[in-house]
Amino acid sequence: MGGYLDQYGAGEERREKYLWRIVGSAVVLLLLSGLVYYVFKNHREQALINNFLTQLRRQDYAAAYRAWGCTDPKACSGYSYDKFLEDWKGARDLRIADSESCHSGVIISLAGRDDRLWVDSGGSALSFSPYPFCPGKSAYAIMLHRTVGNLRKPFF
């Protein structure tokens, strides 16, 4: 027969174990939700680029020029339709290689091209990126993009 104090503290140990499970679950949930946000935060901009690339593959250059933000040839005085065709005609094997959030937009790199594309976060017009990479990012943000950013590639 057990003594009177043999069970002393058993309830407290169970409560402590339960508390650690709750805290651990909350931390794991927070990390997973942050990872999902990071992986999918550029989804809208990447879908816009994928639509543009699909139009190029179908050789629907007029629709691709409209996706660029030029509704008619006079709307883009700095980038004429002829220059657009010179840059993009015959570009069929392009795909998104990387995307990087930067200030008010997203820089998207295409596999098979050296230049990068820019998509404004608020708008839907495409252009060539003014930056080769996002200026002003901390070393930690660059490291995070180069490691965790690779998780985006299989999804798009």
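Note that my numbering numbers the sequence shown so that position 96 is 550, with each residue one more than the last.
Note that beta-carbon positions come from the ideal geometry of N, C-alpha and C, so glycine has one too.
Note that this is a predicted model, so its numbers are computed, not measured.
query                                                                                      : result
Distance between leucine 598 and serine 558 (C-alpha atoms, nearest Å)                     : 19 Å
Pair within 8 Å by beta-carbon distance, lysine 476 and isoleucine 562                     : Before going on, a small fix: residue 476 reads as isoleucine here, not lysine. Not closer than 8 Å, so no.
Assigned secondary structure, phenylalanine 610 (DSSP; H/G/I helix, E/B strand, else coil) : Because phenylalanine 610 sits at a pLDDT of 48, beneath the cut-off of 50, its placement in the model cannot be relied upon, and the following sentence gives the value as read from the coordinates. Coil, per DSSP.
Beta-carbon proximity of glutamate 499 to valine 573, cut-off 8 Å                          : yes
Status (buried if at least 16 other CB within 10 Å, exposed otherwise) for valine 560      : buried
Three-state class that DSSP yields for phenylalanine 494 in the structure shown            : helix
Length of the line joining the Cα atoms of lysine 543 and arginine 520                     : 15 Å
Between the CA atoms of serine 553 and lysine 591 - distance to the nearest angstrom       : 15 Å
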